[in-house]
Amino acid sequence: LVGINIYRNAHHFLQNNMKKHFQSLVIEQLPAVAEVLQQFTVTYKLYYKSPVCDGSNIIALIEKFYLDAIKVHGLISDDNVNYHLGSTWSVAGQDTINPRVEIAIKEIK
18 LVGINIYRNA
28 HHFLQNNMKK
38 HFQSLVIEQL
48 PAVAEVLQQF
58 TVTYKLYYKS
68 PVCDGSNIIA
78 LIEKFYLDAI
88 KVHGLISDDN
98 VNYHLGSTWS
108 VAGQDTINPR
118 VEIAIKEIK
């Protein structure tokens, strides 16, 4: 898991490649879009590798990339405040073998 500090300091070509790679990883895991979500919230669960990880930096970058990816995929029409009504995140635990962020998106009707 790459944090926002590494991303911020990377060359813009590397930043763009990181974003594209992340988008491809997200999109390949998503089913075909049956309906575009109008309004939604997102929940992130962080499984960290190292207990000194800065969770908020990781989640900030994951959220930016994730919302862009689901927009490209067609699941949402945009991620501005008219559609994306909020996010929450929590530390789910340590996983030194498979550190990850699990993401759940909930449509608001």
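Take the sequence shown: its letter number 74 is residue 91 in the working numbering, and every next letter is one higher.
Glycine residues also receive a C-beta, built at the ideal position from the N, C-alpha and C atoms.
Quick caveat: nothing in here was measured; it's all calculated off a predicted structure.
Problem - Pair within 9 Å by beta-carbon distance, Tyr61 and Ile79 - result: As a working mapping, residue 61 is identified with position 44 in the sequence shown. As a working mapping, residue 79 is identified with position 62 in the sequence shown. Pairing Tyr61 with Ile79 gives a Cβ-Cβ distance under 9 Å.
Exercise for the section: May I ask you to report which of helix, strand or coil DSSP gives Gly91? Expected result: On the sequence shown, position 74 is the one that residue 91 refers to. If DSSP states are grouped into helix, strand and coil, Gly91 belongs with coil.
Exercise for the section: Measuring alpha carbon to alpha carbon, tell me which of Thr105, Asp112, Tyr83 ends up nearest Gln40. Expected result: By 1-based counting over the sequence shown, the position of residue 40 is 23. Nearest option by C-alpha distance: Tyr83.
Exercise for the section: Taking 8 Å as the threshold, find out whether the segment 67–77 comes into contact with the segment 119–126 through three or more Cβ pairs. Expected result: no
Handout entry: Per-residue burial, Ile114 [other beta carbons within 10 Å of its own, 16 or more giving buried]
Key = In the sequence shown, the residue the question calls residue 114 occupies position 97. So Ile114 counts as exposed.
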